[in-house]
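J.: Residue numbers (my numbering): 236 to 390. Virtual Cβ for every residue (Gly too), placed ideally from N, Cα, C. One structure is given below, represented as C-alpha cells, and several questions about it will come after.
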C-alpha cells in the first residue's frame, strides 16, 4: 500500500488511529478502495476522520468521491486507483498498461475546488479550511512513473 498517511497529517509518527466516520452508510465500491480507506484509518492520528464513498451534490452535478479525510486544519479528497501493471502519470493524462486515460489528478482536483466553493458558500468560517486532493494507489504497480510536477498529488 502506497498511502503516505503520515504525509497527509504532516507527522513523522502516528500516535493512534483515525475514526471511520460514516453516518451516511457509504461503503467502498471495490477492494482497492476498501484497502485505501482502511490504511487511512489505521495510519492517521485520532484527530482525523475518514469518510468513505461520498456523493456531493451541486445544482447541475453530483461528484462521487472515494474518500474524504478531515483533519484539524485540512480536508483531503481521495481518488483511489487500484493498478497492478505499468502505470505512468503525466501532466496531461496517464497510461495503464499502454491504455491512455484522463488525468485522475485533474479530476479529483476539480472536485476539491468545487467542494471548497460549497464550503465557503455555506459559512464564512469554512473559507479558512484548506481543501486539497490526492490520488492514492491502493497497491504498488509493477512499474510506476510519476512526473515530478505531480509527485505531491500521487502516492
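If contact is defined by three or more beta carbon pairs under 8 Å, each pair taking one atom from either stretch, is the stretch 299 to 318 in contact with the stretch 269 to 276?
T.: Taking 8 Å as the limit for Cβ pairs, the verdict is that the stretch 299 to 318 does touch the stretch 269 to 276.
J.: Taking the straight line between their C-alpha atoms, what separation do you get for residue 247 and residue 280?
T.: Position 12 of the chain shown, counted from the first residue, corresponds to residue 247. Position 45 of the chain shown, counted from the first residue, corresponds to residue 280. Bear in mind that the predicted position of residue 247 carries a pLDDT of just 47, short of 50, making it unreliable; the figure below should be weighed with that in mind. Near 11 Å, if we compare the C-alpha coordinates of residue 280 and residue 247.
J.: At a cut of 8 Å, does the stretch 352 to 368 reach the stretch 330 to 338 through at least three beta carbon pairs?
T.: The stretch 352 to 368 is not in contact with the stretch 330 to 338.
J.: Per DSSP, residue 287 forms a beta bridge with which residues?
T.: As a first step, residue 287 is located in the chain shown; it is residue number 52 there, counting from the start. Answer is 302, bridged to residue 287.
J.: Can you name the residues that DSSP bridges to residue 378?
T.: If you number the chain shown from 1, residue 378 lands on position 143. DSSP, once it has assigned bridges, lists 321 as partnering residue 378.
J.: Alpha carbon to alpha carbon, what distance is there between residue 310 and residue 367?
T.: Position 132 of the chain shown holds residue 367. Position 75 of the chain shown holds residue 310. Going by the C-alpha atoms only, they are around 6 Å apart.
J.: Is the beta carbon of residue 346 sitting closer than 8 Å to the one on residue 300?
T.: One-based indexing of the chain shown puts residue 346 at position 111. One-based indexing of the chain shown puts residue 300 at position 65. Yes. Within cutoff.
J.: How many angstroms separate the CA atom of residue 265 from the CA atom of residue 288?
T.: Reading the chain shown from its first residue, position 30 is the one you call residue 265. Reading the chain shown from its first residue, position 53 is the one you call residue 288. Going from the Cα of residue 265 to the Cα of residue 288 covers about 10 Å.
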